[in-house]
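**Student:** Per full-length UniProt numbering, the very first residue in the sequence shown carries number 1; after that it's consecutive.
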Amino acid sequence: MRAVIRPQRHAQFAYRQLSIPPSLDDPALRSRYRPFLLPNNITKHDWISRLELATVTEMAYNDLKLTGERIKVLVLYGSLRSRNGKLTLLRSYSRLLAFEISLILWRLGCDVRIYDPKDLPMKDDEQHSHPKVQELRELSRWSDGHFWVSPEQHGNMTAVFKNQIDWIPLSTGSVRPTQGRTLGLAMVSGGSQSFNTVNNLRVLGRWMRMFTIPNQSSVPKAYSLFTDQDADEDSSRLMPGGNWDRLVDCAEEFVKYTMIMRPHFAFFNDRFSEREALPKV
């Protein structure tokens, strides 16, 4: 039996932040695609800042130093509920969970962009030039990996979420917007623990030719697990508990897999059925 060897951890990376500083971030991108960001006085002391992430942080630091490129992550969620709803019934819990995931990825140095599904038309064969469709496709082409977060409705992902994936083609000419990319999964539900949606998202990821990480997160009774909108942290945050651990496991694993696989995207896109045979020599 092969022994499990724990990687050596270095204290200088345990609580280090690798996030993009405001001075180096594009203000327009920050305003449009990073609604999860909170004031520094909060993020310096919130639960994510207290996570000991020495191993993955050192990996991310070395990868950034070697390549000069941050991991590019597109985060999708599956609800159109109010962005500023103060009432529990109006809040989008998949969006809130997407924010928590994004904050973890952001701390680990990822370039995180969240797509807002509002105004995206229902999938048809006529509106390919719609601005929201073009925006979604461009974000997928830009990304190194996706993180999908959907509510569970009637035992499955919501139509809002599925509609986003339906608008992303498997290929556009020689460009494949999802093939070879890594994929992380999470879900929220109003009832007891369920894994229907994340399991179905996993199948969907396979059809989109993506590499889905082994771990996944399911948050049950989500309406009871987030703080009030007007809490001290200026946002609704996931309450302490086992869901924190699982969420961090997923984000950490996603970053590790993406760093390992990103240099080899060209090989993953090289398919026997699509290339011309070399002449015999």
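Glycine residues also receive a C-beta, built at the ideal position from the N, C-alpha and C atoms.
If you're wondering where the values come from, they're calculated on a predicted model, not measured in any experiment.
To the nearest whole angstrom, what separates the beta carbons of Arg181 and Ser143, a pair I think is in contact under 8 Å?
**Tutor:** The sequence position of residue 181 within the sequence shown is 181, counting from 1. The sequence position of residue 143 within the sequence shown is 143, counting from 1. With a Cβ gap of about 6 Å, Arg181 and Ser143 count as contacting.
**Student:** Three-state secondary structure (DSSP) at residue 286?
**Tutor:** Only positions 1 to 281 of the chain appear in the structure, and residue 286 is not among them; the question remains open.
**Student:** Mapping the DSSP letters down to three states, classify Phe36 as helix, strand or coil.
**Tutor:** In the sequence shown, the residue the question calls residue 36 occupies position 36. Residue state, collapsed to three classes: coil.
**Student:** Assign Lys256 to one of three DSSP states: helix, strand, or coil.
**Tutor:** The residue given as residue 256 occupies position 256 in the sequence shown. Helix, per DSSP.
**Student:** Measure the Cβ-Cβ separation of Ser224 and Val198 and say whether it is below 8 Å.
**Tutor:** Numbered from 1 along the sequence shown, position 224 holds the residue referred to as residue 224. Numbered from 1 along the sequence shown, position 198 holds the residue referred to as residue 198. The answer is no: Cβ separation not under 8 Å.
**Student:** Could you spell out where the alpha helix (DSSP H) holding Gly205 opens and where it closes?
**Tutor:** Here residue 205 corresponds to residue number 205 of the sequence shown, with the count starting at 1. First-last of the alpha helix (DSSP H) with Gly205: Asn196 to Trp207.
**Student:** May I have the straight-line CA-CA distance separating Gly68 from Phe13, to the nearest angstrom?
**Tutor:** As a position in the sequence shown, residue 68 is number 68, starting the count at 1. As a position in the sequence shown, residue 13 is number 13, starting the count at 1. Rounded to whole angstroms, Gly68 to Phe13 spans 19 Å at the Cα level.
**Student:** Please classify Thr172 as buried or exposed, where buried requires at least 16 other C-beta atoms within 10 Å of its C-beta.
**Tutor:** Here residue 172 corresponds to residue number 172 of the sequence shown, with the count starting at 1. Flag for Thr172 reads exposed.
**Student:** Rounded to the nearest angstrom, how far is the Cβ of Val248 from that of Phe147, given a contact under 8 Å?
**Tutor:** Numbered from its first residue, the sequence shown carries residue 248 at position 248. Numbered from its first residue, the sequence shown carries residue 147 at position 147. Actually they are not in contact, since the Cβ atoms of Val248 and Phe147 sit about 13 Å apart, beyond 8 Å.
**Student:** Pull up the DSSP beta-bridge partners for His146, would you.
**Tutor:** Taking the sequence shown and counting its residues from 1, one reaches residue 146 at position 146. Partner(s): Leu74 and Leu183.
**Student:** For Leu183 and Arg246, I'd like the C-alpha separation in whole angstroms.
**Tutor:** As a first step, residue 183 is located in the sequence shown; it is residue number 183 there, counting from the start. As a first step, residue 246 is located in the sequence shown; it is residue number 246 there, counting from the start. If I take the Cα positions, the gap works out to 16 Å.
**Student:** If you measure between the beta carbons of Thr57 and Arg6, is that distance less than 8 Å?
**Tutor:** Locating residue 57 in the sequence shown gives position 57, counting from the first residue. Locating residue 6 in the sequence shown gives position 6, counting from the first residue. Contact flag unset, no.
**Student:** Taking the beta carbon of Val149 as the centre, do at least 16 other beta carbons fall within 10 Å, making it buried, or is it exposed?
**Tutor:** Within the sequence shown, residue 149 is the residue found at index 149, counting from 1. Val149 comes out buried.
**Student:** Give the DSSP-derived three-state secondary structure of Arg141 in the structure shown.
**Tutor:** Reading the sequence shown from its first residue, position 141 is the one you call residue 141. DSSP places Arg141 in helix when its eight states are reduced to three.
**Student:** Indicate whether Ser49 and Thr43 have their beta-carbon atoms separated by less than 8 Å.
**Tutor:** By 1-based counting over the sequence shown, the position of residue 49 is 49. By 1-based counting over the sequence shown, the position of residue 43 is 43. Yes, the pair counts as a contact, with Cβ atoms nearer than the cut-off.
**Student:** Comparing alpha-carbon positions, which option in Arg9, Ala98, Leu18 and Tyr93 lies nearest Pro35?
**Tutor:** Position 35 of the sequence shown, counted from the first residue, corresponds to residue 35. If we check each option's Cα against that of Pro35, Ala98 comes out closest.
**Student:** Whole angstroms is fine: what's the gap from Phe211's alpha carbon to Gly205's?
**Tutor:** As a position in the sequence shown, residue 211 is number 211, starting the count at 1. As a position in the sequence shown, residue 205 is number 205, starting the count at 1. Their backbone Cα atoms lie some 7 Å apart in a straight line.
**Student:** From what residue to what residue does the beta strand (DSSP E) around Val112 run?
**Tutor:** As a position in the sequence shown, residue 112 is number 112, starting the count at 1. Where Val112 is concerned, the enclosing beta strand (DSSP E) stretches over Asp111 to Ile114.
**Student:** Short of 8 Å in beta carbon distance, which residues of its chain neighbour Gln127, apart from the five on each side in sequence? Order them along the chain.
**Tutor:** Within the sequence shown, numbered from 1, the residue matching residue 127 stands at position 127. Once the five neighbours on either side are set aside, the close Cβ partners of Gln127 are Pro121 and Val133.
**Student:** Taking all protein chains shown into account, decide if Leu238 is buried (16 or more other Cβ within 10 angstroms of its Cβ) or exposed.
**Tutor:** Position 238 of the sequence shown, counted from the start, is the residue given in the question as residue 238. Under this definition Leu238 is a buried residue.
**Student:** Near His10, what residues of its chain come up, given a Cβ to Cβ distance below 8 Å and the 5 sequence neighbours on each side ignored?
**Tutor:** Counting from one through the sequence shown, the residue named residue 10 turns up at place 10. So the qualifying residues of the chain are Ala54 and Glu58.
**Student:** One question on the structure: do Lys123 and Asn163 come within less than 8 Å of each other, judged by their Cβ atoms?
**Tutor:** For this step, residue 123 is matched to residue 123 along the sequence shown. For this step, residue 163 is matched to residue 163 along the sequence shown. Yes. Within cutoff.
**Student:** With the cut-off set at 8 Å, would you say Asn156 and Asn215 are in Cβ contact?
**Tutor:** Numbered from 1 along the sequence shown, position 156 holds the residue referred to as residue 156. Numbered from 1 along the sequence shown, position 215 holds the residue referred to as residue 215. Result no, Cβ atoms of Asn156 and Asn215 do not sit closer than 8 Å.
**Student:** I need the straight-line Cα distance from Ile260 to Ile101, nearest angstrom please.
**Tutor:** Reading the sequence shown from its first residue, position 260 is the one you call residue 260. Reading the sequence shown from its first residue, position 101 is the one you call residue 101. The straight-line gap from Cα to Cα measures roughly 20 Å.
**Student:** Exposed or buried, what is Ala277 when buried is set at 16 or more other beta-carbons lying within 10 Å of its beta-carbon?
**Tutor:** Taking the first residue of the sequence shown as 1, we reach residue 277 at position 277. Counting Cβ neighbours within 10 Å, Ala277 comes out exposed, since fewer than 16 surround it.
**Student:** Does His264 have its Cβ less than 8 Å from a Cβ in chain D?
**Tutor:** Of the protein chains in the structure, only one exists, and it is not chain D.
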